[in-house]
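Engineer: Those protein sequence lines, which keep their order, are chains A and B.
Residue numbers in the first sequence follow the numbering used here, run continuously in steps of one, and reach 441 at the last position.
Residue numbers in the second sequence follow the numbering used here, run continuously in steps of one, and reach 217 at the last position.
All C-beta atoms, glycine included, are put in the ideal place defined by N, C-alpha and C.
All values derive from a computational prediction rather than experimental measurement.
My questions will all concern the structure given below.
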Amino acid sequence: MGKTIIDKIWDQHKVKAVTNEVDVLFIDRHYIHEVTSPQAFNGLNQKGIKLRFPSRTTAVVDHNIPTKNQHLPIENEQSRNQVETLIDNCKTHGVELFGIGHEKNGIVHVVGPENGLTQPGMTIVCGDSHTSTHGAFGAIAFGIGTSQVEQVMASQCLLLSRPKTMRVEVNGTLGKGVTAKDVALFIIAELGTEGATGHFVEFSGSVFRNLSMEERMTVCNMSIEMGARGGLVGIDQSTIDYVSSKVGVSNELKEYWKSLNSDVKAVFDKEIILEGSNIQPMVTTGTSPDTGINITEKISASVRNSEKGLNYMGLHESDSIMGTPIDYVFIGSCTNSRIEDLRQVAAIVDGRKKANDVIVWVVPGSNEVRKQACEEGLDRIFENVGFEFREPGCSACLAMNEDKIPSGSVCISTSNRNFEGRQGDGAKTILASPITAAASALTGKVTDPRTYLN
Amino acid sequence: MKKINSTAIVLNIENIDTDQIIPAKFLKSTNRDGFGKHLFSNWRYDDEGNPKEDFAFNQFESESEILIAGNNFGCGSSREHAAWAIADYGIKVIISSQFADIFKGNALNNGVLPVEVSQDSLRVMMKYFSKHKSVKIQIDLENQVLKAVDQDIVLHINFDIDPLKKQFLMEGISDIEYLIKQEKEISKFESTHKL
Ligand code: SF4
């Protein structure tokens, strides 16, 4: 019987089996940030122990920081306190920190891959559910709670039950205007938010083989929205080329990485096969990420969509989602804030004007992305259209800083969650791809991006 | 934790995400205490901070230690603050037909027991305990059984729990204590590990 990439990586990291179900698993890379780490550091300090392998840990500030004037002191006292606490803790425990304004700072899941810290075959954790993003590199990557953050700090290990495995294969080719984000929303709508609970998912099939590394990150990012513990894509030339462009990689290591891919006869606990050419630009209609529909479809109170969700959104069954008026556009978050995303947005809006009453925030995923965008002149394109091009951070993805969507306002967003109040109390979120968000910014209504593609 | 005997709060909503359990605006603290007052804040209080009468937590006995909630409880964010808020409020057991993975781990790490029952059992329990708010449910961790006996209902439901987690809960051992003791083996592993 063949082995899956998930089992192979797991076995390579098993320090010992504790019971038939539970292993002590070694963690290669630990990312931390200001919001879910302070209580873990407190725990270490109370126990009088030091972080076990500081060189395997990297810290950023992202969740809570302002996206304007990052060179000035943070105004919000509690946010400032969290950031300062992280600085102190990193100093005490010898952890490398990309602090506010640092050229390498940004959203944790953008920064890791960008700096070559995320590599194939690794086990990667962070106190953030979208750690699954790093699975794009053929790594076992997953979000953990703060108690586990403390466990990894103390021992570089976790006590974990062996994963169940699932394969989601998407074959065929994607149509014009259909992006990785649409693939993600499509799979989630098929599976439901609990469809992959308890499983690690391998995404495979020709659609994934043809996606760039950034696009793979977008899909793996949203694995958690199908309930998965994590999601990954097998290691191929794109993976190796991307990592090699960031750090030196020996031939021996490349061969090792390739040997980790799922065997041809690998058996998964669950398999799903979907057809990529069926996917259209997707937008969500409710308050759960599995309420995505093809943008040309009518809204329905399906199994996935609750009446509660539709009511919260102020949407009605059998209406078109297309044409729904929007107040805000948020282009950002660890799902879609990389340079390719910003280029796609710029290509659609270049030389046009945003709709009058719409406020548009473009928040790059990192300082590196911002710098690259400026070098390519995307900043000027955004400004000319009337978009605000901000400094990096999580921003309106979770609205912990000042970037909140006001109550009752509708925001079309490239982030990953449309939960009630996620973008601010009473805010209504429609999830979409960067180009759908960009097209909608031009009209002030939910708009099919294909209208703007020659 | 060995036995819990308590009335229950019924929250008949599916896919309750951790953003509802504890909204992001309350995550700015650097310690673990005091989150219970913000539990379900946006559903529990109106804009002026007054309790909303139509929300379950304002209708059931406030000292209940058991929460019965819809399928896929705790999905979304990994924030352990959700488990802290639940534990701080005084909830010791959550009954649902499915829990999101990260939340389940967080709950167990904070002494909150997630009890999974079938969708059918959950439906029956929701219906009954919505009406009979003073009937108690007994959770017996050692024997892994949920029991309730009342005029119109007899419940005797076995539930699963990972044997190691059960042992840790029964004996009050935390994962971190266990892991710290594995120091030698971990160091040995690291010294030959290639990544
Ligand atoms: S951008 Fe959003 S989803 Fe990503 S790490 Fe930040 S808060 Fe989490």
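Comparing the CB of B:His103 with every heavy atom of the ligand SF4, is any distance shorter than 8 Å?
Structural biologist: Because no heavy atom of the ligand SF4 lies under 8 Å away, the Cβ of B:His103 does not count as near it: no.
Engineer: Any heavy atom of the ligand SF4 within a distance shorter than 8 Å of the CB on A:Cys455?
Structural biologist: The structure shown does not extend to residue 455 of chain A, since chain A is modelled only from -12 through 441, so no value can be given for it.
Engineer: Taking 8 Å as the cut-off, does the CB of A:Ser402 come closer than this to any heavy atom belonging to the ligand SF4?
Structural biologist: It does: the Cβ of A:Ser402 is within 8 Å (strictly closer) of some heavy atom of the ligand SF4.
Engineer: Leaving out five residues before and five after B:His178 in sequence, what residues of the same chain have Cβ atoms less than 7 Å from its Cβ?
Structural biologist: Val167 and Lys169
Engineer: Quick check: is any heavy atom of the ligand SF4 less than 8 Å from the C-beta of A:Gly319?
Structural biologist: yes
Engineer: Which term fits B:Leu130, buried or exposed, when burial requires 16 or more other beta carbons within 10 angstroms of its beta carbon?
Structural biologist: buried
Engineer: Taking C-beta pairs closer than 8 Å, name the residues in chain B that A:Thr180 reaches, listed in chain order.
Structural biologist: Asn37, Asn94 and Cys97
Engineer: Does the beta-carbon of A:Val70, which I'm using as the reference point, lie nearer than 8 Å to any heavy atom of the ligand SF4?
Structural biologist: no
Engineer: Return the residues of the segment 398 to 426 of chain A that lie within a Cβ-Cβ distance of less than 8 Å from chain B, sorted by chain order.
Structural biologist: Arg404, Phe406, Glu407, Gly408, Arg409 and Asp412
Engineer: Give the DSSP-derived three-state secondary structure of A:Ile346 in the structure shown.
Structural biologist: Strand.
Engineer: Since A:Ile335 contacts A:Ala253 with CB under 8 Å, what's their CB separation in whole angstroms?
Structural biologist: A:Ile335 to A:Ala253, Cβ: 40 Å. No contact.
Engineer: Find the residues of chain B that neighbour A:Val22, judging by a C-beta separation of less than 7 Å, and give them in chain order.
Structural biologist: Under the 7 Å cutoff, chain B gives Leu49.
Engineer: For the ligand SF4, is there a heavy atom less than 8 Å away from the beta-carbon of A:Ile52?
Structural biologist: Not under cutoff, so the answer is no.
Engineer: Evaluate contact between the segment 73 to 84 of chain A and the segment 189 to 200 of chain B, counting only Cβ atoms and requiring at least three cross-stretch pairs below 8 Å.
Structural biologist: no
Engineer: Taking beta-carbon pairs under 8 Å, can you tell me which members of the segment 136 to 155 of chain A lie near chain B?
Structural biologist: Glu137, Gln138, Ala141, Ser142, Gln143, Cys144, Leu145, Leu146 and Ser148
Engineer: Kindly give me the distance between the Cβ atoms of A:Gly93 and A:Val47, rounded to whole angstroms, as I take these residues to be in contact under 8 Å.
Structural biologist: 7 Å
Engineer: Mind checking whether the beta-carbon of A:Val112 lies closer than 8 Å to any heavy atom of the ligand SF4?
Structural biologist: For the ligand SF4, no non-hydrogen atom lies closer than 8 Å to the CB of A:Val112.
Engineer: Using a Cβ cut-off of 8 Å, pull out every chain A residue sitting near B:Pro45, in sequence order please.
Structural biologist: Gly408 and Asp412
Engineer: Mind the definition here: the segment 219 to 235 of chain A touches the segment 190 to 198 of chain A only if three or more C-beta pairs lie below 8 Å; say whether that holds.
Structural biologist: yes
Engineer: Taking the Cβ atom as the reference point for each residue, do B:Leu8 and B:Ile90 lie within a distance shorter than 9 Å?
Structural biologist: With chain B covering 23 to 217 only, the question about residue 8 of chain B has no answer from this structure.
Engineer: Using DSSP with H/G/I as helix, E/B as strand and the rest coil, what is A:Met269?
Structural biologist: strand
Engineer: Tell me whether A:Val98, by its Cβ, gets closer than 8 Å to a heavy atom of the ligand SF4.
Structural biologist: no
Engineer: Is DSSP giving A:Val206 helix, strand or coil here?
Structural biologist: helix
Engineer: Under 8 Å by Cβ, that's how I've got A:Gly164 and A:Leu418 pegged, so tell me the actual separation to the nearest angstrom.
Structural biologist: Contact doesn't hold; Cβ gap of about 16 Å is too wide.
Engineer: Please determine if the segment 369 to 388 of chain A and the segment 397 to 417 of chain A are in contact, where contact requires at least 3 C-beta pairs separated by less than 8 Å.
Structural biologist: The segment 369 to 388 of chain A and the segment 397 to 417 of chain A touch, with no fewer than 3 CB-CB distances between them shorter than 8 Å.
Engineer: Compare the C-beta of A:Gln69 against all C-beta atoms of chain B and say whether one is closer than 9 Å.
Structural biologist: yes
Engineer: Name the chain A residues that come within less than 8 Å of B:Gln204, Cβ to Cβ?
Structural biologist: Val2, Lys3, Val11, Ser142 and Cys144
Engineer: Taking Cβ positions, are A:Ala167 and A:Ser210 nearer each other than 9 Å?
Structural biologist: With contacts defined as CB atoms closer than 9 Å, A:Ala167 and A:Ser210 fail to qualify as a contacting pair.
Engineer: Check this for me: beta carbons of A:Pro450 and A:Thr423, under 9 Å apart or not?
Structural biologist: As displayed, chain A neither begins before -12 nor continues past 441, which places residue 450 of chain A out of reach and without an answer.
Engineer: Flag A:Leu385 as yes if its beta-carbon sits less than 9 Å from any beta-carbon of chain B, otherwise no.
Structural biologist: yes
Engineer: Just to make sure I have the definition right: I need the residues of chain A whose C-beta is within less than 8 Å of the C-beta of B:Asn131. Which are they?
Structural biologist: Gly132, Ser134 and Gln135
Engineer: Buried or exposed for A:His186, going by 16 or more other Cβ atoms inside 10 Å?
Structural biologist: Buried: at least 16 other Cβ atoms inside 10 Å.
Engineer: Let's see if you can read the secondary structure: which residues bound the alpha helix (DSSP H) around A:Ala171?
Structural biologist: Ala167 to Leu178
Engineer: Just how far apart, CA to CA, sit A:Pro41 and A:Cys113?
Structural biologist: 14 Å
Engineer: Using a C-beta to C-beta distance shorter than 7 Å, which residues of chain B count as neighbours of A:Pro25?
Structural biologist: Thr52
Engineer: By DSSP's criteria, B:Tyr67 is part of a beta bridge. Which residues make up the other side?
Structural biologist: Looking at the DSSP output, B:Tyr67 sits in a beta bridge with B:Pro73.
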